[in-house]
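Worksheet: the structure to be examined is printed underneath.
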Amino acid sequence: MEKPLTGRMRLGEGPVDLDAYEKAGGYAALRKALLRMTPEELIQLVKDANLRGRGGAGFPAGVKWSSAPTGVDSPRPKYVVADADEMEPGTFKDRFLMEGDPHQLIEGVILTSYAIQAEIAYVFIRWEYTRARRLLEQTIAEAYRKNYAGSSILGTRYSLEVRLHVSAGRYIAGEASSMLNALEGGRAVPRPRDPLPTISGLWGKPTVTHNVETLCNVPHIVSNGAAWFKSLGRTQDAGTKIYGVSGKVKRPGAWELPMGVTVREILEEHAGGMRDGLTLRGFLPGGASTDFLTEQHLDTPMDFESIQKAGSRLGTGGIVALDDRTCPVGMAHNLITFFARESCGWCTPCREGLPWSAEILAALEKGEGSPGDLEILEDQCRLLGPGNTFCPLAPGAVEPLQSALKYFREDFERHIREKRCPWK
Amino acid sequence: MVTIYVDNMPYQVREGQNLLVACLSLGFDIPHFCWHPALHSVGSCRLCAVKIFRDENDTRGRIFMSCMTPATEGVRISINDPEARHFRASVIEWLMLNHPHDCPVCDEGGECHLQDMTVMTGHVYRRTRKKKRTYSNQNLGPFINHEMNRCIQCYRCVRFYRDYAGGRDLDVFGVHSRVYFGRLEEGALENEFSGNLVEICPTGVFTDKTFKKRYTRKWDLQTAPSICVHCGLGCNTIAGERYGTLRRILNRYNGQVNGYFLCDRGRFGYDFLNSDRRVREPLAKTGQGSGSTALEPISADEALSRLVDIVQNSSRVIGIGSPRTPLEANFALRDLVGEENFSSGMAQAEQDLVSLIVHILREGPAPSASLRELESADAALILGEDLTNTAPMMALYLRQSVRRKPMAVVNELRIPGWLDAAVRGAVQGNKGPLFIAAPIAAGLDDVATETYHAAPDDIARLGFAVAHELDTQAPAVVDLPADRHALAVRIAAALREAERPVVVSGTSSMSPAVIQAAANVAWALHSRGRQVTLSFVAPECNSLGVALMEGRSLEDAIEMAERGQVDTVVTLENDLFARAPRDLVDRLRASCRNFVVIDHCLTGTAEVADLVLPAAAFAESQGTLVNNEGRAQRSYRVFPAPDPIGESRRWLSKAVMARARGRTEEWESFDDLVTRMRQALPVFQPVSNLAPSADARIVGRKIARQPHRCSGRTAMLANVSMREPPPPRDADSPLSFSMEGFQGISPPPLNPRYWAPGWNSAQSLNKFQEEIAGPLRGGDPGQRLIEPRDNGGREYFNAIPVAFSPSDDEWLILPSYHIFGSEELSALSPAIAERIPSAYVAIGEEDADLLGMSEGMLARVEIAGAAESLPARIVADLPRGVALLPKGLERLKGLAIPVRARIGKAVQAEKS
Amino acid sequence: MILTREEQRHSTLSEEVRSEMLAAVAACERKRGAALDVLLIAKRYYGWISDEMLRELAVILEMSPAELDSVATFYNQIYRKPIGRHVILVCDSVSCWIMGYDLVRVRLTARLGINLGQTTPDGRFTLLPIQCLGACDQAPAMMVDGELFVNLDATTIDEIIQRYP
Ligand SMILES: Cc1cc2nc3c(=O)[nH]c(=O)nc-3n(C[C@H](O)[C@H](O)[C@H](O)COP(=O)(O)O)c2cc1C
Ligand code: SF4
Ligand code: FES
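Chains as they are written, first to last, in this note's numbering: chain A, 23 to 446; chain B, 20 to 931; chain C, 628 to 792.
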């Protein structure tokens, strides 16, 4: 099984350093692209490879790149921003990638920048990722030293400034448009969907933003080609994916596996199945903002389409397992509380609806639920759906709640009926 | 135009506007909070949700925010769709989770946008058991009351205060469901437009603190259309009264003038009308002549007979008019004393400046800009004005104008102009050309491209040089230093590039050369085919109006009196001590037998009169004011002043009758007076078209000044009499002092309030406009009296002053202006008084070093022999050799500024 | 190195700090763009941002203090109130919650004698909740002064506390 993203990492050996990275073929893709490919060819290649965003939405990267203006009279500077603000509960893949092989990310950033002819690239990283921050600082400095970044990269006419921006906490700051406001030194409130950041992004200039994992794939596509990349996936989605599993499984962790492996394979083979004495009741397939699925979905391939068909989203690929000794109402409560706290406070439904829902769930947990509460919760889930709120935070927030109400309804009703949490 | 379908009916709307605006303009009710016509769309409140359908066959549709969606050809929307209605009601439900629901004790109750929207969406039932969140409030100074618990987080306050008005001390703090709108710490809101928060805030977070002191529900207020009297811009206002006191001022939209906003001086300056400085009964010196006896109250009859007596026994009467009172009163005085004996009430220097402005606007070819037009200027040059303090609303609109040019990028990127966050994201902080040349840093400096701080002569020279750069026919400034020349070149280049540049100047620098330079620049731009406008700051609410009457200056009148040909002087609503040096006024006083003052406040001038007649102030009188643009506008009585207070023109009418020895007067009524004025002074022809005449009726009825829900009429005076008195009659206008009468949408000049069924708040305005933010239905009120002559044959001014040269022992004293303090009437309002700075003398850093002075140290300022000691303010950019004294402060009244003065350290002994 | 509360009270920006901030400002497209960099530099040296310091930082950024505070109060890693010598961030997000966040919280609050959001009276620790630390596979997790601790249980918590005098 090919593991382009993690293949260079060695367990217990610390991060792949520059030397090891280069020895294993690192920066060859950069050399190849800058010396032998036009930006247009690079964009076409990534389009052909069908690289879809790994940050949650699955948007095709090549399409995003080609929506940025090109040509001599396009607005300048153009920007590329790597979104390393990873804060989605249940997700730890980007930390894994950055702590394991930081040069891979930087090479991806530079390649992407070259493709859209950006002048400035940022890695936008959360404050709490202290280790990754230190590593990236060093990595960027090394890239400059080797002239992979900076002026006239590798003797070409292409120059790029690479900067590390440390954010100051807030899940919403990882949402692409909020991230731009954060980078401008403002409150990380989202921007309207139009115009696209590739038209008017950071400081009003064309900006391409990507998740860390997405960017890490780029060097490999350049090195090995679109066909190779597509061949990695088991289903129609191309490449590999870092899947993670947390919760009460035997071996929680993260693994690079082909796109489209089944949930069962991930949970049972790689994570070792549930801990002894526990059974699986359900799982969030791709982080806290995805709908619950249950054991009936275990054979669903973990790719964008299949998981969507099953009624959820691939999201970040961070699976959170719910076992039979953990209260689904409590879990829903924890999730909604998280989202309520991380709401930016800009739009009414999210700012007010999530705390209200959290309050109702808290009441259920305390045994103070009353008939009608579930109807209010269901109503909130519908009302906070896509398009109704300003940004996708709230629609994501209600996904686990709405599916919990569907799959674990009896548990909710018991809370009301018995006026207590049966797990406590 | 495009066709949109609203609940299956086709409508034609302008393309590209958003659906909320389109639907409101069509007359539909779509609830909304965060959208505001001047602040545009941000999509935060989510209340304006409607369903949009892909095509006729789409029955499910999707919810969209109408404020965030452009009106495109064929778009099908439903306002009434059940899902959309449920969503909107849910938005209110969410907001009501935490709203304290304290309407009965809330100042906003009865005119609350939140109340209106709650009713409109139909949300009625509370389903939550949640505790409400609470906040602590801040003391925000004398104008604005703060009650954060009522906040619904629509972000309008910060979007207005910070993004629109440029305020930097109010912001949003915190995150998620705990966002707080306020200041970093308690203290008065610094921005000059803070009062607009009262109308911007859709609920009771920011309310009018001065109103709170004498609170009345909106539905109990008697209101009428009024014009602000606190500067020369003529903003339209709605003034409200109950129990004989004026309670508050609200904005009255005029698409050409003030739009949606007012400045704080205009909003909170009204309270002088209720102050104890009011003259509420006639006063007279009991002794004869100008003896030292004090003024004592006399009866109205007595006052009248004295007036008649004086008029009948005077061979020659001089009338001193006033730039702060309407045309009609001034004209009545002129009619009484005769053209020859009428003074405008302005000192010579000021009269010259105002007349120069009139001359320039008449000669053309550059017309004067309306206030609102300033917003769409794409380049501006300001010569010699600190607009924030001399004509605040001009500053507000010029602040918007700097976005005009950078907005080009928005069009290129095809971002709709109303998509506020996207526009701001694309424009960033980029600003179009705005150049300011003024003695000191002015309120707009933060958005200026470049500023130049200099003495008026040097400002004028810069202006002349700019004009020459634009058109070599304009005279050149030969000995201009290289850096100044380079600046002129840059300014000229920026103006030349613009399509609609504006040149702003005015009387504040007290320099004709500055005004002439502004004219030259505008004319030069015109010669280059630019659609250039001029905008001049006039000092007072009717400066241009009296100037058009072409009376004598104050000095002229005094000289005439001194020549001994005069036995009586009648001064109309004018404090001469504020305009001329004390000795001059004293001389005037000494030169006549009878000194009569008609005024509403006991000014210094009234104090030395023989007879003081109590005049009605603005909200108690009807009249026409001419603003800086040359626009005549009508102001109506809100309530009749209690006897024996009378409108000035009433007192004058009595005097005229006496002079005519009892013959019935030709201008007993207001409309007759206007007719007579038009005959005597043809420039005022359009004044009779300003509004329907007194006999106009709507469906047979007068327009009611009181809303139909006005309460307590039978009880209001029950302590006086059990019988309900008939409402006072108003013979001068088509408005009634009662709730009887027409209650619908009245002709704009007569419209007493904004109210429409379902819309109790100020937002009901949308029902009064032809289209959102466009003209009022029936046209924006006001008529321009001054237009440039056809193919104006102007010749450039060529009296270029020599460069200002500072001397080591004398300083050029100029006025500095303060929005609070420099205007005499508003200064009498207690809330404004709290914000008036104490007197000071401002000097530059270099001069401070020279004099060995530091901030706050007492300086001795010696003007024409008299000395004042004042604390020094050290101002970084003030040019060498120039010092400033604050205009209008009680202590510094009557200085003939500009003047040369000696400045030195005050002797320490004075401190004890 | 975080200053004591007493030291914090009297601190104004040292030259070193100021020049670091000015460099951050110079590196940014617009001055205000460096707001978070400057706030985080201040955090690194002083732990929290007092009103006085906020004013100083605002001057550097050419913002008003209110504008800067609007930004500062949005983010949870900027502290506008005094903090202890050490800041404990306990992850309370879903994976940690499943794996025993409640026990961690109970242990910490019992050991430190404070609740979440509070500082010990001796100024040693401030205890704050934090969203997912990206250590879900090693839950429950917490962070002390930027150092990550995983697979927590009662004993490890006690041990960790000992390490921060
Ligand atoms: C509330 C919210 C938080 C998000 N946080 C992150 C994040 O921390 N990291 C990330 O890469 N994407 C995050 N996203 C997704 C981004 O908005 C965006 O879709 C993604 O970064 C695009 O990159 P991709 O095309 O490479 O997936 C978030 C989205 C939302 C709505
Ligand atoms: S859904 Fe609304 S309040 Fe929530 S994070 Fe997005 S914009 Fe902010
Ligand atoms: S008015 Fe449209 S979202 Fe607020």
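Ideal placement from N, C-alpha and C gives every residue a C-beta, glycine not left out.
Residue i Cβ short of 7 angstroms to ligand 2 heavy atom set
{"i": "residue 415 (chain A)", "result": "yes"}
{"i": "residue 665 (chain C)", "result": "no"}
{"i": "residue 411 (chain A)", "result": "yes"}
{"i": "residue 365 (chain A)", "result": "yes"}
{"i": "residue 368 (chain A)", "result": "yes"}
{"i": "residue 212 (chain A)", "result": "yes"}
Any non-hydrogen atom of ligand 1 within 7 angstroms of residue i CB
{"i": "residue 109 (chain A)", "result": "yes"}
{"i": "residue 326 (chain A)", "result": "no"}
{"i": "residue 76 (chain A)", "result": "yes"}
{"i": "residue 759 (chain B)", "result": "no"}
{"i": "residue 114 (chain A)", "result": "no"}
{"i": "residue 79 (chain A)", "result": "yes"}
{"i": "residue 703 (chain C)", "result": "no"}
{"i": "residue 236 (chain A)", "result": "yes"}
{"i": "residue 194 (chain A)", "result": "yes"}
Which residues DSSP lists as bridging residue i, in chain order
{"i": "residue 30 (chain B)", "result": "B:23"}
{"i": "residue 391 (chain A)", "result": "Looking at the DSSP assignment, residue 391 (chain A) forms no beta bridge with any residue, so it has no partner."}
{"i": "residue 227 (chain B)", "result": "B:163"}
{"i": "residue 84 (chain B)", "result": "B:68"}
{"i": "residue 83 (chain A)", "result": "According to DSSP, which records beta bridges pairwise, residue 83 (chain A) is partnered with nothing at all."}
{"i": "residue 399 (chain B)", "result": "B:453, B:521"}
{"i": "residue 60 (chain B)", "result": "B:438"}
CB of residue i within 8 angstroms of CB of residue j, strictly
{"i": "residue 364 (chain B)", "j": "residue 573 (chain B)", "result": "yes"}
{"i": "residue 128 (chain B)", "j": "residue 167 (chain B)", "result": "no"}
{"i": "residue 666 (chain B)", "j": "residue 344 (chain B)", "result": "no"}
{"i": "residue 409 (chain A)", "j": "residue 81 (chain B)", "result": "yes"}
{"i": "residue 660 (chain B)", "j": "residue 628 (chain B)", "result": "no"}
{"i": "residue 882 (chain B)", "j": "residue 902 (chain B)", "result": "no"}
{"i": "residue 10 (chain B)", "j": "residue 224 (chain B)", "result": "Residue 10 (chain B) lies beyond the range of chain B shown here (20 to 931); nothing can be said about it."}
{"i": "residue 140 (chain B)", "j": "residue 111 (chain B)", "result": "yes"}
{"i": "residue 693 (chain B)", "j": "residue 563 (chain B)", "result": "no"}
{"i": "residue 258 (chain B)", "j": "residue 642 (chain B)", "result": "no"}
{"i": "residue 842 (chain B)", "j": "residue 913 (chain B)", "result": "no"}
Any non-hydrogen atom of ligand 4 within 7 angstroms of residue i CB
{"i": "residue 49 (chain B)", "result": "With respect to ligand 4, the structure offers nothing, as its ligand set consists of ligand 1, ligand 2 and ligand 3."}
Does the pairing of the region 785-793 of chain B with the region 740-748 of chain B give three or more beta-carbon distances under 8 angstroms? Counting Cβ pairs under 8 angstroms, fewer than three are found: no touch.
Across the region 99-112 of chain A and the region 142-149 of chain A, are there enough close Cβ pairs to call them in contact, namely three or more that are closer than 8 angstroms? With the cut-off at 8 angstroms, the region 99-112 of chain A and the region 142-149 of chain A touch.
Say whether the region 714-727 of chain B touches the region 748-759 of chain B, bearing in mind that this needs 3 or more beta-carbon pairs closer than 8 angstroms, one atom from each stretch. Yes, the region 714-727 of chain B is in contact with the region 748-759 of chain B.
Flag this pair as touching only if the region 108-122 of chain A and the region 31-39 of chain A have three or more C-beta atom pairs under 8 angstroms; answer yes or no. Touching, per the Cβ criterion.
Please confirm if the region 804-821 of chain B is in contact with the region 117-131 of chain B, defined as three or more CB-CB distances below 8 angstroms between the two stretches. Segments in contact, no.
Does the pairing of the region 702-711 of chain C with the region 751-759 of chain C give three or more beta-carbon distances under 8 angstroms? Touching, yes.
Spell out a yes or no on whether the region 272-285 of chain B and the region 867-881 of chain B are touching, meaning 3 or more CB-CB pairs, one atom from each, closer than 8 angstroms. Because the criterion of three Cβ pairs below 8 angstroms is not met, the region 272-285 of chain B and the region 867-881 of chain B do not touch.
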